[in-house]
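Single-structure report; data block below.
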Amino acid sequence: MCASNAISELEQLDLLHKLEVFKIKGRDKHGRKILRIIAKFFPARLVSVEVLNKYLEERIFPKLRKRKFAVVYVHTGVQRTENFPGISALRWIYDAIPATVKDNLEAVYFIHPGLQARLFLATFGRFLFNAGLYGKVRYVSRVDYLWESVRRNEVQIPEFVFDHDEDLEYRPMMDYGLESDHARVYGAAPALDSPVTTYSMRCIS
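For the sequence shown, UniProt numbering begins at 1 and goes up steadily by one.
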C-alpha cells in the first residue's frame with residue numbers, strides 16, 4: 001500500500017472523507033454504535049498507511065473511545081491489486097489502534113468474506129490480531145443475515161453488495177471459491193466528488 005500517484009497528504013485525507021470508506025452511523029440490535037467500512041471504496045493506490053492512520057486517529061477513533069461499538073465490514077468487490085492495503089499494512093494499522101478503542105469493539109460483521117478471506121483469517125488471523133479480536137468476527141454470507149444483528153434502517157449498504165447477493169443465489173459455488181466472481185463488474189471507480197454519485201445506497205426500513 002503506497003500513495004504511488006503522489007497526491008498530497010491533505011488530498012489523501014479529503015479523498016478518504018469523500019469516499020466514505022469509514023462511516024459511523026446507526027446501532028446494532030444490542031444498541032452498539034456501528035462503524036461501517038466499505039472496503040471496495042478504499043483507494044489503496046493513492047493513500048499511504050501513515051495518512052490512513054492519521055485519518056483514523058483524528059476523525060474516527062475519538063468518536064469510539066467512550067462507547068461500545070460494532071464494525072460492519074463490507075468485503076464485497078475487494079481486489080488485491082486495487083483496494084487491498086496488504087498484510088503488513090493491516091498489521092500496522094491494527095497495532096496503531098488505541099487500547100481504549102480495541103476494548104470497546106465487541107463485534108465485527110464481515111459481509112461476503114469469500115473462501116480466500118476465510119482461509120486467510122483462519123491461517124494468519126490469530127498471528128496478525130489478538131485472539132480477542134479474532135473471536136469477535138462474525139461471517140455474514142448474505143446481507144439478509146446481517147439484519148439478524150443490525151437494524152435494517154440503521155446502516156446504508158451500497159447497491160453492488162445486493163447485486164452480489166443475487167449473483168450468489170444463482171452461482172452458489174462462488175461462496176466456496178469454486179467459481180470466480182472476477183468477471184463481475186460492479187461499476188466504475190468511485191468518483192472523487194462523492195461516492196453516492198457512483199454507487200446507489202439502500203437503507204431498508
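Cβ coordinates follow ideal geometry from the N, Cα and C atoms, glycine included.
Residue-level contact to chain C via CB, residue i, 7 Å cutoff
i, result
"Val155", "In summary, chain C is missing from the structure at hand, where a single protein chain is found."
Residue burial classification, residue i (beta-carbon count within 10 angstroms, cutoff 16)
i, result
"Pro62", "exposed"
"residue 214", "Outside the displayed range of the chain (1 to 205) lies residue 214, so it cannot be described from this structure."
"Ala122", "exposed"
"Phe22", "buried"
"Arg32", "buried"
"Gln79", "exposed"
"Ala6", "exposed"
"Phe160", "buried"
Of the residues the options, the one placed nearest residue i, counting alpha carbons only
i, options, result
"Asp14", "Ile34, Tyr55 and His30", "Tyr55"
"Ile24", "Ile37, His164, Leu146 and His30", "Ile37"
"residue 209", "Phe84, Arg27, Leu115 and His75", "Outside the shown range of the chain, which is 1 to 205, sits residue 209, and nothing can be said about it."
"Pro43", "Phe84, Arg142 and Gly31", "Phe84"
"Leu146", "Leu133, Asp167, Gly135 and Phe162", "Phe162"
"Ile142", "Phe120, Leu64 and Tyr109", "The identity of residue 142 in the sequence shown is Arg, whereas the question assumes Ile. Checking every option, the nearest Cα to that of Arg142 belongs to Tyr109."
"Lys18", "Phe41, Pro98 and Thr76", "Phe41"
"Ala99", "Glu57, Val78 and Leu119", "Glu57"
"Ala96", "Asn53, Gln79 and Glu154", "Asn53"
"Ala70", "Ala6, Val78 and Arg151", "Arg151"
"Glu169", "Lys68, Ile157 and Asp144", "Asp144"
Sheet register partners of residue i (DSSP bridge)
i, result
"Val161", "According to DSSP, which records beta bridges pairwise, Val161 is partnered with nothing at all."
"Leu35", "Ile24 and Val71"
"Leu46", "Per DSSP, none; premise fails for Leu46."
"Phe120", "Note: Phe120 sits in no beta bridge, so no partner."
"residue 230", "No information on residue 230 is available, as it lies outside the stretch 1 to 205 that the chain covers here."
Contact belief for residue i with residue j at Cβ below 8 Å, rounded distance in angstroms
i, j, result
"Ser39", "Val72", "The question names Ser, but residue 39 is Ala in the sequence shown. In fact, because the Cβ distance is near 11 Å, the residues do not count as touching under 8 Å."
"Leu105", "Lys136", "7 Å"
"Gln12", "Val49", "Contact flag wrong, Cβ pair sits at about 11 Å."
"Ile34", "Thr76", "Their Cβ separation, rounded to whole angstroms, is 17 Å, which puts Ile34 and Thr76 out of contact at 8 Å."
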